[in-house]
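For the sequence shown, position 37 matches number 38 in the working numbering, and the numbering has no gaps at all.
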Amino acid sequence: MKNQFIIMNPNDNCATALELIPEGYEVKVRDDLTIKITRNIKMGHKFALKNIKKGDYIIKYGEIIGIAKENIEIGDWVHIRNVESAYMGGVKE
Numbered sequence: 002m003k004n005q006f007i008i009m010n011p012n013d014n015c016a017t018a019l020e021l022i023p024e025g026y027e028v029k030v031r032d033d034l035t036i037k038i039t040r041n042i043k044m045g046h047k048f049a050l051k052n053i054k055k056g057d058y059i060i061k062y063g064e065i066i067g068i069a070k071e072n073i074e075i076g077d078w079v080h081i082r083n084v085e086s087a088y089m090g091g092v093k094e
């Protein structure tokens, strides 16, 4: 697969899939980091680039988009089920 995902900012802790990335597939993020995807990630959905603890910010495009409602492991799907959305007033700075 080519151009499987996009990371827009070096501070991002999640990436956005540009196509379906199947469960178990290993994506090469950079030379020193390969991530095994823990479940199917549909196009437009996000996966964790590192372990994210409950209460940590979710950062996409260099911006806080939410806060983790539970621990999210590297390669896990990052979705409304495990993230309280900043777009819905969930994050107060």
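Each residue gets a CB set at the ideal place from its N, CA and C atoms; glycine is no exception.
- Partner residues in the beta bridge of residue 17, as assigned by DSSP, are 7, 47.
- Around the beta carbon of residue 33, a 10 Å sphere encloses fewer than 16 other beta carbons of the protein chains shown; the residue is thus reported as exposed.
- Distance check between residue 21 and each of 56, 5, 86 places 5 closest, using alpha-carbon atoms only.
- Closest by C-alpha distance to residue 35, out of 51, 83, 17, 66, is 51.
- Taking all protein chains shown into account, residue 65 has fewer than 16 neighbouring C-beta atoms within 10 Å of its C-beta and is therefore exposed.
- Taking a 10 Å sphere around the C-beta of residue 12, we find fewer than 16 other C-beta atoms and assign the residue as exposed.
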